[in-house]
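As you go down the protein sequences, you meet chains A and B in turn.
Its first residue numbered 0, the first sequence is counted upward by one per residue in numbering that gives the first Met the number 0.
Its first residue numbered 0, the second sequence is counted upward by one per residue in numbering that gives the first Met the number 0.
Where a beta carbon is used, it is the ideal one built from N, C-alpha and C, also for glycine.
Just below is one structure, and these are the notes that go with it.
Number of protein chains: 2
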Amino acid sequence: MYKLYDFLPSGNSYKVRLLLTQLQIPFTRIEVNILNNESRTPDFLAKNPNGKIPVLEIAPNQYLAESNAILFYLSQNTNYFPSNLFEQSQVMQWLFFEQYSHEPNIATSRYWISILGKEKEYKQALEQKHILGYAALNVMENRLKKQDFFVGKTYTIADIALYAYTHVAEEGGFDLTEFPYIKRWLNRVESQPRYVSISNC
Amino acid sequence: MYKLYDFLPSGNSYKVRLLLTQLQIPFTRIEVNILNNESRTPDFLAKNPNGKIPVLEIAPNQYLAESNAILFYLSQNTNYFPSNLFEQSQVMQWLFFEQYSHEPNIATSRYWISILGKEKEYKQALEQKHILGYAALNVMENRLKKQDFFVGKTYTIADIALYAYTHVAEEGGFDLTEFPYIKRWLNRVESQPRYVSISNC
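In structure tokens form, the structure reads like this:
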């Protein structure tokens, strides 16, 4: 059975829990409290030398890190990954957009404000994160004006990856009122079969 | 023929030029000077709403953005992408590592110091970028102590993606003297068939 090295509040971990649940693949969760540096112990660094969760243990001593790489691995030959090469590459485009332009701004704001409770200490840095985070939300809003899901006509791992931190963006101080297409898409994701919330494991 | 919307000094663009050249696929380069905001014009934003180069035009009105998504697209069913799913997913892991933990620190330092010439203005921010950039280099060094290339036994798009900004890390103020395995790997990449340098187009 897969083992998932996981931190419950992490959106990156949640992506993997959500896909595993939707694929009806059983797994064991192992909580790694990153706030206590549990992802920096020698034992954990042997699993992922980059010291980050989530990590999927596929077999003894066979580990895969990076949430979006794990989504790629699990989704192959399922309905959550397109069969057409151009659409597959568009999924990749949105996964890299998520990790470069979205997560470092929206997830980091949420981490500082709602996980660490240090909004005041990070006030200045948050201003720049909010400018870049809103820019990412605008790119998403414009895409969702044209289509129901990010790639093709159906729900894929691109939606899972972008949903993870967008649906809790308000915990990072982002106001989604002006993003009606994103809000409708969030509802669409939440109505998918076997959807589970971030606090559900 | 493919059109590549490109900026010659960009490592992200270079990744695509290098792979296209190694695959012996002809392409037309269209220079987009990001320093003049040419990637923020309405015309360019119609191609990539995220306003970043590189963008590959695959067919009229069919565009793909994000350098590592383009590498994925071009490398399918070639020797530059493994055939085994776990190794494919490890390639993905290193591509996401590159965009999350490496490029934002090493490429950004190079951009501030050597492209914009503003080392003094960014002095404080560069300190943090250097800490995180050296951490990424350490992860790479430890991997390369164990194997010649990042995934499996041969050169893949994971090596191309990580080579792009590592081989010019010194332009971002990084000293590679203490990374002998990285230096040997750089030579190994440079000895691959049809290798071209970043300034060659």
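Unbroken beta strand (DSSP E) run spanning residue i, endpoints
{"i": "A/K51", "result": "Note, A/K51: premise wrong, no beta strand (DSSP E); not H, not E."}
{"i": "A/K2", "result": "Y1 to D5"}
{"i": "B/R28", "result": "F26 to E30"}
Distance, residue j Cα to residue i Cα
{"i": "A/T77", "j": "B/Y162", "result": "32 Å"}
{"i": "A/Q75", "j": "A/I130", "result": "35 Å"}
{"i": "A/L7", "j": "A/P48", "result": "21 Å"}
{"i": "A/T155", "j": "A/Y164", "result": "16 Å"}
{"i": "B/K51", "j": "B/A64", "result": "8 Å"}
{"i": "A/I159", "j": "A/Q23", "result": "15 Å"}
{"i": "B/L175", "j": "A/T176", "result": "48 Å"}
{"i": "A/F128", "j": "A/Y121", "result": "Inspection of the sequence shows that residue 128 of chain A is occupied by Lys rather than by Phe. Computed Cα separation, rounded: 10 Å."}
{"i": "A/Y133", "j": "B/K152", "result": "42 Å"}
{"i": "B/S198", "j": "B/S12", "result": "11 Å"}
{"i": "A/F227", "j": "A/L3", "result": "The structure shown does not extend to residue 227 of chain A, since chain A spans only 0 to 200, so no value can be given for it."}
{"i": "A/G116", "j": "A/Y79", "result": "35 Å"}
{"i": "A/M0", "j": "A/I112", "result": "36 Å"}
{"i": "A/H101", "j": "B/S9", "result": "21 Å"}
{"i": "B/P25", "j": "A/L18", "result": "39 Å"}
{"i": "A/F148", "j": "B/Q61", "result": "18 Å"}
{"i": "B/T27", "j": "B/K46", "result": "16 Å"}
{"i": "B/Q191", "j": "B/R16", "result": "14 Å"}
{"i": "A/R193", "j": "B/F178", "result": "47 Å"}
{"i": "B/A124", "j": "A/I29", "result": "35 Å"}
{"i": "A/K119", "j": "B/K119", "result": "27 Å"}
{"i": "A/H166", "j": "B/A58", "result": "34 Å"}
{"i": "B/K145", "j": "B/F96", "result": "18 Å"}
{"i": "A/T40", "j": "A/V54", "result": "14 Å"}
{"i": "B/E126", "j": "B/P103", "result": "13 Å"}
{"i": "A/A157", "j": "A/N141", "result": "16 Å"}
{"i": "B/I114", "j": "B/K14", "result": "18 Å"}
{"i": "B/V31", "j": "B/P81", "result": "32 Å"}
{"i": "A/R183", "j": "B/E56", "result": "31 Å"}
Where residue i meets chain A, residues with beta-carbon distance less than 9 Å
{"i": "B/S108", "result": "Near B/S108 there are no residues of chain A at all, since even the closest Cβ is about 16 Å away, more than 9 Å."}
{"i": "B/A188", "result": "A small correction: the amino acid at residue 188 of chain B is Val; Ala does not occupy that position in the sequence shown. Within chain A, no residue comes near B/V188; the closest Cβ sits about 21 Å away, beyond 9 Å."}
Within chain B, partners of residue i - CB distance below 7 Å
{"i": "A/F206", "result": "With chain A represented from 0 up to 200, any question about residue 206 of chain A goes unanswered, as that position is not in the structure."}
{"i": "A/N141", "result": "P48"}
Amino acids of chain D, ordered along the chain, whose beta-carbon sits closer than 8 Å to that of residue i
{"i": "A/Q92", "result": "No chain D is part of this structure, whose protein chains are labelled A and B."}
Contact set between residue i and chain A, taken where Cβ atoms lie within less than 8 Å
{"i": "B/L84", "result": "Y72 and Q75"}
{"i": "B/I57", "result": "F85"}
{"i": "B/N60", "result": "The contacting residues do not exist; B/N60 stays about 12 Å from chain A at best."}
Neighbour list for residue i in chain B, Cβ cutoff strictly below 8 Å
{"i": "A/V201", "result": "Because chain A in this structure spans residues 0 to 200, residue 201 of chain A falls outside the shown range and cannot be described."}
{"i": "A/N104", "result": "In chain order: nothing, as chain B lies at least about 11 Å away."}
{"i": "A/S88", "result": "L63, A68, I69, F71 and Y72"}
The alpha helix (DSSP H) enclosing residue i, as first and last residue numbers
{"i": "A/E86", "result": "L84 to F96"}
{"i": "A/Y121", "result": "Taken as a continuous stretch (DSSP letters only), A/Y121 belongs to no alpha helix (DSSP H), as it is neither H nor E."}
{"i": "A/Y72", "result": "S66 to S74"}
{"i": "B/I156", "result": "I156 to T165"}
{"i": "B/L17", "result": "G10 to Q21"}
{"i": "A/N35", "result": "Unbroken run through A/N35: none, as it is neither H nor E."}
{"i": "A/P103", "result": "E102 to R109"}
{"i": "B/V195", "result": "It is not in any alpha helix (DSSP H) - B/V195 carries neither H nor E in the DSSP assignment."}
Chain B residues whose Cβ lies nearer than 9 Å to that of residue i
{"i": "A/V138", "result": "P48, N49 and G50"}
Beta-carbon separation (whole angstroms), residue i vs residue j, contact threshold 8 Å
{"i": "B/V150", "j": "B/T20", "result": "The Cβ separation is near 21 Å, so there is no contact."}
{"i": "A/L143", "j": "A/Y99", "result": "Actually they are not in contact, since the Cβ atoms of A/L143 and A/Y99 sit about 19 Å apart, beyond 8 Å."}
{"i": "B/Y72", "j": "A/L84", "result": "7 Å"}
> Is it a yes or a no for the segment 126-141 of chain A touching the segment 76-90 of chain B, going by three-plus beta-carbon pairs under 8 Å?
Replying inline: no
> Would the segment 55-72 of chain B and the segment 90-104 of chain A be scored as touching if the rule is three or more Cβ pairs under 8 Å?
Replying inline: yes
> Any contact of the segment 165-173 of chain A with the segment 101-115 of chain A, i.e. 3+ C-beta pairs under 8 Å?
Replying inline: yes
> Is the number of C-beta pairs between the segment 32-39 of chain B and the segment 184-198 of chain A that are closer than 8 Å three or more?
Replying inline: no
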